[in-house]
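Shown next, in structure tokens, is the structure this report addresses.
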Amino acid sequence: NAGVTQTPKFRVLKTGQSMTLLCAQDMNHEYMYWYRQDPGMGLRLIHYSVGEGTTAKGEVPDGYNVSRLKKQNFLLGLESAAPSQTSVYFCASSQGRQGNYGYTFGSGTRLTVV
Amino acid sequence: GNSVTQMEGPVTLSEEAFLTINCTYTATGYPSLFWYVQYPGEGLQLLLKATKADDKGSNKGFEATYRKETTSFHLEKGSVQVSDSAVYFCALSDLGGSQGNLIFGKGTKLSVKP
Numbered sequence: 074n075a076g077v078t079q080t081p082k083f084r085v086l087k088t089g090q091s092m093t094l095l096c097a098q099d100m101n102h103e104y105m106y107w108y109r110q111d112p113g114m115g116l117r118l119i120h121y122s123v124g125e126g127t128t129a130k131g132e133v134p135d136g137y138n139v140s141r142l143k144k145q146n147f148l149l150g151l152e153s154a155a156p157s158q159t160s161v162y163f164c165a166s167s168q169g170r171q172g173n174y175g176y177t178f179g180s181g182t183r184l185t186v187v
Numbered sequence: 016g017n018s019v020t021q022m023e024g025p026v027t028l029s030e031e032a033f034l035t036i037n038c039t040y041t042a043t044g045y046p047s048l049f050w051y052v053q054y055p056g057e058g059l060q061l062l063l064k065a066t067k068a069d070d071k072g073s074n075k076g077f078e079a080t081y082r083k084e085t086t087s088f089h090l091e092k093g094s095v096q097v098s099d100s101a102v103y104f105c106a107l108s109d110l111g112g113s114q115g116n117l118i119f120g121k122g123t124k125l126s127v128k129p
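Those protein sequences? They're chains A and B, same order as listed.
Residues 74 to 187 in this note's numbering are what the first sequence lists, from first letter to last.
Residues 16 to 129 in this note's numbering are what the second sequence lists, from first letter to last.
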């Protein structure tokens, strides 16, 4: 019963490097989300997707790109990492609009940019 | 816009003490309300939810009642255990957003001492 799986779990990048965070869910959920969690800031939405082939910007999208080529996967890319992107990144999925459903979260990716 | 405000922590209690974590919200319409819990090193897990006014969500001894008149959704537990030590997040469904994503409070860290 995997749920939502994030890879990698930890990563250290140098400023200017690029990387892709992978989120995979096996629950056939339509909606997927990327959040970042920072001390004192709670969770902030970066990008989200309401279905295969769709993506949309959230609250803090700058410096990130996403893709949803397959329903089960939602990729978060950093093209040129900056120290301000040091954070813990969480992926979540949902069956649909939040009126009746909760999110299922992954266990997170801790990213440090030096 | 919609927002969630929860009491700042950390909250430190002795085992078997009564717990209240306050959460108030600002929203248009009638959002669903959620409490999530994050144990150290893990992702967020849905603890309980309420989808309409006067609903009471409950799980694992925790309870919260959706109070429309006071725009509140306070989390309570009658007798906390050391294993309840975690960060607790209040959230609402952003019905004003294009796809109803969740808006989270900043989290309240709870430490329970034996």
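C-beta: ideal position from N, C-alpha, C; glycine also.
All of these numbers come straight from a predicted model, not from anything done at the bench.
- Under the 8 Å criterion on CB atoms, residue 57(B) is classed as interfacial with respect to chain A.
- Between residue 82(A) and residue 187(A) a beta carbon distance of about 18 Å is seen, past the 8 Å cut, so the two are scored as non-contacting.
- Looking at the DSSP output, residue 109(B) sits in no beta bridge, so it has no partner there.
- In this structure, residue 126(B) sits away from residue 98(B), with a CB-CB distance that is not shorter than 8 Å.
- A straight line joining the alpha-carbon of residue 75(A) with that of residue 98(A) spans about 8 Å.
- Listed along the chain, the chain B residues whose CB falls inside 7 Å of the CB of residue 140(A) amount to none; the nearest CB is some 17 Å away.
- Around residue 121(B), the beta-carbon contacts reaching into chain A at under 8 Å are 113, 114 and 115.
- Between residue 162(A) and chain B, the shortest Cβ-Cβ separation is not below 8 Å.
- According to the DSSP assignment, residue 120(A) belongs to the beta strand (DSSP E) that extends over 115-122.
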